[in-house]
Structures are given as C-alpha cells and as structure tokens.
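Visitor: Top line first, the protein sequences correspond to chains V and W. Quick note on the working numbering: the first sequence kicks off at 35 and runs consecutively. Quick note on the working numbering: the second sequence kicks off at 35 and runs consecutively.
Number of protein chains: 2
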Amino acid sequence: MELQEAKLKFIEAWGKLGSEWGINRTMAQVHALLLLTPDAITTEDIMEKLNISRGNTNMTLRDLMGWGLVEKQHRAGERKEYFFAEKDAWLIARQVAQERKKREIDPILKLLNELSEVKGDEKDPEYKTFKTSVNGISKLTKNVNKALGTMLKADENWFWGSIFKIFK
Amino acid sequence: MELQEAKLKFIEAWGKLGSEWGINRTMAQVHALLLLTPDAITTEDIMEKLNISRGNTNMTLRDLMGWGLVEKQHRAGERKEYFFAEKDAWLIARQVAQERKKREIDPILKLLNELSEVKGDEKDPEYKTFKTSVNGISKLTKNVNKALGTMLKADENWFWGSIFKIFK
DNA sequence: TCAAACTTTCAATACTTATTGAAAGTTTCT
DNA sequence: AGAAACTTTCAATAAGTATTGAAAGTTTGA
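This is the structure in structure tokens:
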C-alpha cells in the first residue's frame, strides 16, 4: 500500500470510528489529518485536504482545542494561525476519556445517586425491580468511573505496567 | 421523588446516554423500560408507555434481541409475544462491550495492522509521522482490546475482585 | 485611519438517521 | 379454507445533525 493511500484510509476509518462513538465525523477526520501531518498546518490546508468549508474547519478546530487534542501555533511575522495535534496515543486516549467522563458519565452518576434514594414499598415488585436495576447500574458505573479517574491521574508508565500486565 | 417520576427520569437519561454513545435513543429507552418492568410485556405495552409506533417498537426489539439484551417469551394459550430484559448490570455491560468490540473495534484493528505494514523512506518526515501515529494507536488499541477480551471471558466475581481492587 | 489579511458567526441548506403507518405476511383457531 | 390476531416490512416523511458560504468581526501594518 502506498503512503498516500494509507493516509486516506486512516482518515476515513478514524472518521467512521468517531461517528460510531458519538464524535462528529469531520472532527475525527481533522484530528486524523493533524495526527498524520508532521508540522503545524493552516485552516486553508485542512479545507483543501479534506474538502470542507472554512466555517466547518474553524468550528471543528475550536472543538478539537476544547477537547485538548489540538493546539494553535503562532508564528512570528505571520498572520495565519497554524494547528497541530498531540501525537502520543496514550495522551489522546486520556484527553478523550477525561472529556467524556466530565460531560457524560458524571451527570449520569449524579442522577443515579438521586434515583438510589427513592423510597418505596419493599413489597411492590415495581419498586423492587427499580431498585435492583438502578443499584446495579449505579454500582457498576461508580466502579468504572473510579477506575477511569485513577487512570486519568496516572502516568503512562503506570498504566502500561499495572493494568496491562494483568492480561496475557 | 416519586417512583413513577424516577422511572421516567431514568428512561430519559438512559436514552440520552445511549445517543451520546452512538446507540439509538429509542433502543436505549425501550431497554430502560424493560429494565424497570418486573414482568415481560408486549409490543403494545411498549408503544403505549413510550409513545412510539408499532414499526419502530418491532424493529427496536429486534435490535435489542440481536444485542442479546432482551428476550422473547411465549405464553401457553396466548398469541401475543412478551419481552423482558436481563437485569444484571454486569451482564448488560458485557453484552454491549462484546457487541461493540465485534462490530467496531475488530475492524479498526484489522486496518491498523495493515497500515502498520506500509513501508517507506525512514528519512521522510511524512512517513515517520504516519508510522509513529499508527503504531501508537495500534499498540494502545491492541492492549485495550486484549483487556476487553479477557474481561468478556471472565465471570462477574473475577471482574469485581481482580479489576476493581486495583482502584481505591 | 484605512484596507488587506485573516478569523468567526450563523441562517440557510444539505445530509443522515429515526420514525411512522399502512399494507403484506404469518400463525392459529374453527 | 377463512378470518381473526398478531408480527413484519419498508417507502414516505419527520426529526436531528452537519455543512456551507457569505457577511460581520478582528487584527495588523503602512
């Protein structure tokens, strides 16, 4: 496979994966492009390579910066802004996990806690089922969340060492 | 909070969470309803409670059965079909993880392997960056996938014991 | 202060995905 | 075989998301 073909395939696949996991396809593709590009590039470059509009490119870059996946670069004597992505896979995973934890897991946990408090008649099957389901999900989510929190605080070496040595 | 209000909130939140993670909102809501319902219920019941059409209900139930989250129940002397959901949080998480691994992670891993094979000039920065990014993502994905695979095979007790005791 | 160079915004529009509902299909009973 | 009871399909449509592009905004240097 040619390098150029491989790059296109990667960008396409990354976009698809993103959309399957609730991340805007364009956002994933711009990210992929920046991952594969050695130096920082301009909005113009991105528009051209991915065939997307200026507006879309601008908003997507803003989102990516919001996720901490992309940074701006100013160059002395130049008016244009340049963008580049962090290329370390572990740091990328960390940022994405952190962002989704904050935006999605934390709110649902808050609700699950409230729902766990709901009182009712222990003899009522509706109540018993509600409690069983909510408590089970709540407990599991809390544990997953705790694990995620620990990983987010941890550094790369700890992660590769402690976690993956469990799995052969 | 009242039980009925709590149930509605749970269904709504579950639907939202689902859609944020690329799972059809209705599918997540039907699943939530079944989780909260002690006994098996009919298509008609679901249509009524969630205000959705017969067609939508039917297709959603089919999907849920495809994910192994819901089962059909036949009752002697009855023509109608009844549906119910597995209520154990761990089993649910397992099924969802298994399904997404198969549909989404396995294909991307296959591609990453192919992309890792691409040869090029080690002095070309484009090639070097491509290699670094793809290899990093590939390695991380492989490890996560391996971990997931082990967990899927493992039983509940192993999971709660071995994994979560790492995190305080 | 002006205007060129560049960035940001957002209403309009295109695209994607979900949903409806009625017709077609199936099963079961008499 | 016929018809009632129920399920499935799928073309049409609605709803939800993403994208465009041109106008407005900003910054910089002469």
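Each residue gets a CB set at the ideal place from its N, CA and C atoms; glycine is no exception.
Against W124(W), what residues of chain V qualify as contacts under a CB-to-CB distance less than 8 Å, listed in chain order?
Guide: By Cβ distance, chain V contributes G170, L174.
Visitor: Does E138(V) get closer than 8 Å to chain W when you measure Cβ to Cβ?
Guide: By this cut-off, E138(V) is an interface position.
Visitor: Alpha carbons only, please: which of R88(V), N177(V), A188(V) is nearest the one belonging to I196(W)?
Guide: For clarity, residue 196(W) is Ser in the given sequence; the question names Ile instead. Of the candidates R88(V), N177(V), A188(V), the one whose C-alpha sits nearest the C-alpha of S196(W) is N177(V).
Visitor: Name, in chain order, the residues that DSSP records as bridge partners for Q107(V).
Guide: Bridge partners of Q107(V): Y116(V).
Visitor: CB-CB under 7 Å to K180(V), same chain, minus the five flanking residues each way: which ones, in chain order?
Guide: Here the set comprises nothing.
Visitor: So what's T76(W) in DSSP terms, helix, strand or just coil?
Guide: The answer is strand: DSSP assigns T76(W) an E or B state.
Visitor: Please classify K165(W) as buried or exposed, where buried requires at least 16 neighbouring CB atoms within 10 angstroms.
Guide: Per the 10 Å Cβ criterion, buried.
Visitor: Start and end of the alpha helix (DSSP H) containing R96(V)?
Guide: Note, R96(V): alpha helix (DSSP H), 88-100.
Visitor: Do we get a CB-CB distance below 8 Å when we pair G195(W) with the residues of chain V?
Guide: Taking Cβ atoms only, chain V never reaches closer than 8 Å to G195(W), which makes this a no.
Visitor: For my contact list, M81(V) and T91(V) are in at a C-beta cut-off of 8 Å; report their separation, rounded to the angstrom.
Guide: So it is a contact: roughly 5 Å between Cβ atoms.
Visitor: Quick check on DSSP: helix, strand or coil for G154(V)?
Guide: G154(V): coil per DSSP, three-state reduction.
Visitor: With DSSP run on the structure shown, which of helix, strand or coil describes W55(V)?
Guide: Three-state result, W55(V): coil.
Visitor: Grouping DSSP H, G and I as helix and E and B as strand, with all else coil, what is L85(V)?
Guide: Residue 85(V) is actually Asn in this sequence, not Leu. Looking at N85(V) - three-state DSSP - the assignment turns out to be coil, as it is neither helix nor strand.
Visitor: Comparing C-alpha positions only, which one of L146(V), L84(V), E39(V) sits nearest to Q63(V)?
Guide: Cα-wise, what sits closest to Q63(V) is L84(V).
Visitor: Could you have a look at D189(V) and say whether DSSP puts it in helix, strand or coil?
Guide: Of the three classes helix, strand and coil, the one that applies to D189(V) here is coil, per DSSP.
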